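These notes concern the structure reproduced below.
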Amino acid sequence: MGKKLLKTFTNNIGFKILAIAFAFILWLVVYNLNDPVKTKTFTTTVTVTGRDSVVDKGLWPTIKDSEKTISFSVSGKRSYLNELDDSDFYANVDLANIIVDKDDTNKASVKVDIGCTKYRHSITFNGGDHMLPLSVEKYMQKQFEVKVSLDGSLSGAKALGNKPQANPKVVKIGGPESIVSTIASANVNIKVDDNTIISDNQITDRGDLTLIDDNGDEIDISKLDVDSQYQSIAVTVDVLSTKEVPIKCTTTGSPAGGKSVLGVELSEESVMLKGNAEALNNITSIDVGPIDISGATDDISTSVDLTGYLPDGVFIVNSSKAKLSIDIKIETNATSTMTLNSSNITYDGLEEGYTITFVTDKSSVIVSGTKSDIDTLSGTTLKGKIDVTGLGTGTHTVTVKPNLDETKYTWGEIKVQIVIGREGDGGGTTGTDGTGTASGSTTGGTTSGDTGTGGSSSSGSTSSGNTGNNGSDSSSH
Numbered sequence: 001m002g003k004k005l006l007k008t009f010t011n012n013i014g015f016k017i018l019a020i021a022f023a024f025i026l027w028l029v030v031y032n033l034n035d036p037v038k039t040k041t042f043t044t045t046v047t048v049t050g051r052d053s054v055v056d057k058g059l060w061p062t063i064k065d066s067e068k069t070i071s072f073s074v075s076g077k078r079s080y081l082n083e084l085d086d087s088d089f090y091a092n093v094d095l096a097n098i099i100v101d102k103d104d105t106n107k108a109s110v111k112v113d114i115g116c117t118k119y120r121h122s123i124t125f126n127g128g129d130h131m132l133p134l135s136v137e138k139y140m141q142k143q144f145e146v147k148v149s150l151d152g153s154l155s156g157a158k159a160l161g162n163k164p165q166a167n168p169k170v171v172k173i174g175g176p177e178s179i180v181s182t183i184a185s186a187n188v189n190i191k192v193d194d195n196t197i198i199s200d201n202q203i204t205d206r207g208d209l210t211l212i213d214d215n216g217d218e219i220d221i222s223k224l225d226v227d228s229q230y231q232s233i234a235v236t237v238d239v240l241s242t243k244e245v246p247i248k249c250t251t252t253g254s255p256a257g258g259k260s261v262l263g264v265e266l267s268e269e270s271v272m273l274k275g276n277a278e279a280l281n282n283i284t285s286i287d288v289g290p291i292d293i294s295g296a297t298d299d300i301s302t303s304v305d306l307t308g309y310l311p312d313g314v315f316i317v318n319s320s321k322a323k324l325s326i327d328i329k330i331e332t333n334a335t336s337t338m339t340l341n342s343s344n345i346t347y348d349g350l351e352e353g354y355t356i357t358f359v360t361d362k363s364s365v366i367v368s369g370t371k372s373d374i375d376t377l378s379g380t381t382l383k384g385k386i387d388v389t390g391l392g393t394g395t396h397t398v399t400v401k402p403n404l405d406e407t408k409y410t411w412g413e414i415k416v417q418i419v420i421g422r423e424g425d426g427g428g429t430t431g432t433d434g435t436g437t438a439s440g441s442t443t444g445g446t447t448s449g450d451t452g453t454g455g456s457s458s459s460g461s462t463s464s465g466n467t468g469n470n471g472s473d474s475s476s477h
C-alpha cells in the first residue's frame with residue numbers, strides 16, 4: 001500500500017514540480033498585477049545634530065534653508081506606498097561626519113541618513129546616498145554687555161530710574177566670524193505703562209535679547225551660537241519720586257563801556273527731577289550761575305548741562321531738557337536831552353512873607369540810561385524841586401532835583417538862579433518877555449533861560465540882555 005502511494009507521488013515527478021512552479025509563477029503574476037511595485041517621491045526636513053563637534057574644531061557650519069528640505073524617491077508595493085506620506089519619513093544629519101572639500105576649505109558635505117517609520121523592510125530608497133552641501137568658516141566668540149532700553153513711562157509723581165539692571169549683565173555670542181564681527185551691541189527692551197506691576201519701588205520683567213550690527217540692523221539670532229540662558233534677559237528698574245524745581249541764573253562782573261544787563265533769558269524756567277524722596281526734599285532750585293559778564297560788549301549766549309548741577313542719585317526726567325540755553329542781554333546806555341521849565345519846579349523851605357522869582361526860565365538836561373528806559377521818557381514832562389531853606393533875600397544859585405528814578409537814570413547837576421524877595425517890595429520878574437537871557441552849564445547838559453529885571457547869570461555862565469518891566473510872576477508850587 002505504501003509503495004503504491006509513493007509510486008503515485010513519484011510518477012512523472014518532473015511534470016509535477018514544473019506544474020507547481022508554474023502555479024507559483026502564475027500566482028505571482030496575478031498578485032503583482034493587482035498590487036504592482038511603484039516609485040513615489042517624498043519630501044522631509046533634515047534634522048541637524050553634532051554642531052558642537054564642528055565648533056570644537058574652530059569652525060562654524062552653515063546650511064542654507066533651501067538645503068534643509070530634501071526630496072527622495074522610494075520604491076515599493078503600491079499598497080504600501082499609498083499608506084505612506086511625508087510625515088512617515090525622517091532625515092538626519094550628524095555634522096560630526098562632515099567632509100571638508102580639499103580644494104575649497106569653505107565648502108563641505110555630509111551624508112543624510114533617510115529612514116521611514118513604517119514598512120521599512122518593504123520599501124527601497126533609490127538614488128544611493130544623499131549628500132547635504134554646507135559651508136564652513138572660522139568660529140568666533142565675543143562677550144557683550146547687555147544694554148537695557150525702556151519703552152514707555154509712568155504717570156503721576158513717579159518716574160523710571162536711569163540705571164536699569166540686566167541679568168545677566170554680559171552675554172557670550174558665538175558663530176561665524178562674518179556675522180559675529182559685525183555685532184555692535186546686545187540689547188533688551190522692556191515696555192512700561194501704568195499697568196506695569198511695581199513692587200517695593202521696583203519693576204521686574206523679562207525681555208528677548210536682540211543683537212544689532214554696525215548698520216543698526218537686527219541680526220538673526222538663530223544663525224548664531226547663543227546659550228538659551230542668554231536669549232531671555234531679566235531686567236530690574238527702580239521707580240523714583242519726582243519734583244519740579246525752578247532754574248536760577250545769576251551774573252557777576254559788569255559789561256564794558258557803561259553798558260548794562262537788560263536781563264537773563266533761559267530756555268527753561270524749571271525742570272522736573274527724579275530721585276529718592278529724601279534727596280529731592282533737599283533741592284529747592286538749581287542755580288547755574290554766576291556767569292561772568294565782565295567786559296562784555298554784546299549779548300552773551302551760552303549753554304550748560306544741568307546734570308552737572310545735580311547731586312548723586314538725582315536725574316532729569318526728560319533727558320532732552322538737560323541742556324539749558326542761556327541768553328544774557330546787554331544794552332548800551334542811551335541819552336536823551338530834556339527841557340526843565342521853571343514853571344515845573346516846586347520848592348520847599350521858603351519862609352512866610354517872602355517870594356521867589358526864577359531868573360532861569362528853562363534848562364536843558366541830558367539824561368542817561370538804558371535804551372529801553374530812555375524810550376519810556378518820550379513825551380513825558382520833566383519836573384523838579386528845589387530847597388531854599390535858610391536862604392535870605394537876594395539872588396541865589398540852587399540845585400534842582402528832577403523827578404527821575406535814580407536807579408534807572410543818571411544826569412548832570414542842574415542849577416538855576418532864583419531871586420528871593422519880600423512881599424510888598426514889588427516882587428520879582430520872571431523875564432518871560434525875552435528882555436534878558438541867562439545861560440549856565442550843568443554837568444552833562446546846558447542850562448538856558450530868559451532873565452527879568454535884576455536877572456543875573458547862572459552858575460558858571462554869563463548873563464546878557466535888556467531888562468524888562470518889573471511885572472511879578474508867581475512860582476509854581
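Per full-length UniProt numbering, the very first residue in the sequence shown carries number 1; after that it's consecutive.
Just so you know, even glycine gets a beta-carbon here, dropped at the ideal spot from N, CA and C.
Being a predicted model, the structure only gives us computed values, none of them experimental.
Exercise for the section: Return the chain-ordered list of same chain residues with a C-beta closer than 8 Å to the C-beta of leucine 273, the five sequence neighbours on each side being excluded. Expected result: Thr242, Lys243, Glu244, Val245, Leu280, Ile283, Leu310, Val314, Phe315, Ile316 and Val317
Exercise for the section: Identify the continuous alpha helix (DSSP H) that holds alanine 279 and give its terminal residues. Expected result: 277-281
Exercise for the section: Starting from isoleucine 70, follow its DSSP beta bridges and name the residues at the other end. Expected result: Bridge partners of isoleucine 70: Thr44.
Problem - Candidates Ile63, Asn189 and Asp194, of which the one nearest alanine 157 by Cα - result: Nearest option by C-alpha distance: Asp194.
Problem - Alpha carbon of isoleucine 300 to alpha carbon of isoleucine 414, nearest angstrom - result: 37 Å
Problem - Spatial neighbours of glutamate 423 in its chain, beta-carbon cut-off 8 Å, leaving aside the 5 residues before and after - result: Gly353, Tyr354 and Thr355
Exercise for the section: Give me the Cβ distance between threonine 41 and phenylalanine 72, rounded to the nearest whole Å; I'm assuming they're in contact under 8 Å. Expected result: 7 Å
Practice task
Please list the segments of the beta strand (DSSP E) lying wholly inside the region 391-428, counting only runs of 3 or more residues, in order along the chain.
Solution key: 394-402 and 414-422
Handout entry: Cβ-Cβ distance between leucine 211 and lysine 138 below 9 Å
Key = no
Practice task
With a threshold of 16 other CB atoms inside 10 Å of the CB of asparagine 215, please say whether the residue is buried or exposed.
Solution key: exposed
Problem - C-alpha gap between asparagine 97 and serine 319, whole angstroms - result: 56 Å
Problem - Alpha-carbon spacing of aspartate 433 relative to asparagine 344, whole angstroms - result: With a pLDDT of 29 at aspartate 433, under the threshold of 50, the modelled position of that residue is not reliable, and the figure given next carries that caveat. In a straight line, the C-alpha of aspartate 433 is about 18 Å away from that of asparagine 344.
Practice task
Determine the direct distance from the alpha carbon of tyrosine 409 to that of threonine 376, and round the result to whole angstroms.
Solution key: 11 Å
Problem - Distance CB(lysine 329)-CB(valine 264) smaller than 9 Å - result: Cβ atoms of lysine 329 and valine 264: closer than 9 Å.
Exercise for the section: Count the C-beta pairs between the region 77-85 and the region 102-115 that are closer than 8 Å, then say yes if the count reaches three, no if not. Expected result: no
Handout entry: Range of the contiguous alpha helix (DSSP H) that encloses lysine 371
Key = 371-375
Practice task
Alpha carbon to alpha carbon, how far is valine 226 from aspartate 205? Give it in angstroms, no decimals.
Solution key: 21 Å
Exercise for the section: Return the CA-CA distance between aspartate 287 and isoleucine 221, expressed in angstroms with no decimal places. Expected result: 49 Å
Exercise for the section: Let me know the secondary structure DSSP gives valine 304 once reduced to three states. Expected result: strand
Practice task
Please name the residue or residues paired with alanine 322 in a DSSP beta bridge.
Solution key: Per DSSP, none; premise fails for alanine 322.
Practice task
Leaving aside the five residues before and after valine 146 along the sequence, list all residues of the same chain whose C-beta is less than 8 Å from its C-beta, in chain order.
Solution key: Ala166, Pro168, Lys169, Val170, Val171, Ala186, Asn187, Val188, Leu209 and Ile233
Practice task
Compute every distance between the C-beta of glutamate 423 and the non-hydrogen atoms of the ligand ATP, then say whether any falls below 8 Å.
Solution key: The ligand ATP is not part of the structure shown, which contains no ligands of any sort.
Handout entry: N-terminal and C-terminal residue of the beta strand (DSSP E) that glutamate 351 is part of
Key = First-last for glutamate 351: undefined, no H or E at that position.
Problem - Cα-Cα separation between glycine 50 and serine 122, rounded to whole angstroms - result: When rounded, the separation of the alpha-carbon atoms in glycine 50 and serine 122 is 30 Å.
Practice task
Would you kindly report the start and end of the unbroken alpha helix (DSSP H) that includes tyrosine 80?
Solution key: 78-82
Exercise for the section: Compute the Euclidean distance between the alpha carbons of leucine 150 and threonine 307, then round it to the nearest angstrom. Expected result: 20 Å
Practice task
Flag this pair as yes or no: are the beta carbons of asparagine 162 and serine 260 separated by less than 9 Å?
Solution key: no
Handout entry: Spatial distance of glutamate 269 from leucine 160 (CA atoms)
Key = 23 Å
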